[in-house]
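Single-structure report; data block below.
Residue numbers (the numbering used here): 664 to 809.
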């Protein structure tokens, strides 16, 4: 673990910098026990999960230091009061400069943690995207997603 894993800690929260390729929480089996929450708990045994990032996603995660803080922060995620921002490299050239994707999503249980579009039972979702750069040689587009 590098020194830049724990970015902030106080009495209520811990902010960690999860690297790509690491699980947020333990997976099934002992070979998937190494994860962000386990590494945080090695330093702060009271760390509690508030949200997760996909294994291949790097970025900031907020952990709670009490069940009250965990519940309060969990409600802010549940009530969509948290703005999330991602940078992604897409394997093609996107022609537009910005846009929105608004589709109802639900967990694809056989392929967790993937999501699928389901117009009958999916939850509303909105992703705004903006092109940051294009690399014609590599046929990729760097986009900001929120």
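From the three backbone atoms N, C-alpha and C, an ideal C-beta is built for every residue, glycine too.
For residue i: DSSP bridge partner residues
| i | result |
| --- | --- |
| residue 753 | 804 |
| residue 797 | 804 |
| residue 762 | 792 |
| residue 722 | 681 |
| residue 739 | In the DSSP output, where bridge partners are listed per residue, residue 739 has none listed. |
| residue 768 | 780, 786 |
| residue 730 | Answer is none; residue 730 lacks a bridge partner. |
| residue 686 | 698 |
Beta-carbon gap between residue i and residue j smaller than 9 Å
| i | j | result |
| --- | --- | --- |
| residue 726 | residue 745 | no |
| residue 767 | residue 788 | yes |
| residue 754 | residue 805 | no |
| residue 764 | residue 771 | no |
| residue 769 | residue 747 | no |
| residue 687 | residue 724 | yes |
Beta-carbon proximity list for residue i, same chain, < 6 Å, skipping 5 on both sides
| i | result |
| --- | --- |
| residue 696 | 689 |
| residue 707 | 677 |
| residue 667 | 680 |
| residue 670 | 678, 680 |
| residue 790 | 764, 808 |
Separation of residue j from residue i, as counted between CA atoms
| i | j | result |
| --- | --- | --- |
| residue 719 | residue 777 | 12 Å |
| residue 665 | residue 682 | Below a pLDDT of 50, predicted positions are generally treated as unreliable, and residue 665, at 46, falls in that range; the measurement from the model is reported next regardless. Approximately 10 Å between the Cα atoms of the pair. |
| residue 716 | residue 694 | 19 Å |
| residue 736 | residue 691 | 26 Å |
| residue 732 | residue 698 | 21 Å |
| residue 738 | residue 800 | 44 Å |
| residue 734 | residue 672 | 18 Å |
| residue 684 | residue 759 | 30 Å |
| residue 794 | residue 730 | 39 Å |
Close-in-space but distant-in-sequence residues of the same chain around residue i (CB under 8 Å, 5 per side omitted)
| i | result |
| --- | --- |
| residue 710 | 677, 700, 703, 704, 726, 727, 728 |
| residue 749 | 720, 722, 807, 808, 809 |
| residue 756 | 797, 799, 802, 803, 804 |
Proximal residues to residue i (C-beta, below 7 Å), its chain only, five neighbours per side dropped
| i | result |
| --- | --- |
| residue 762 | 792 |
| residue 781 | 767, 769 |
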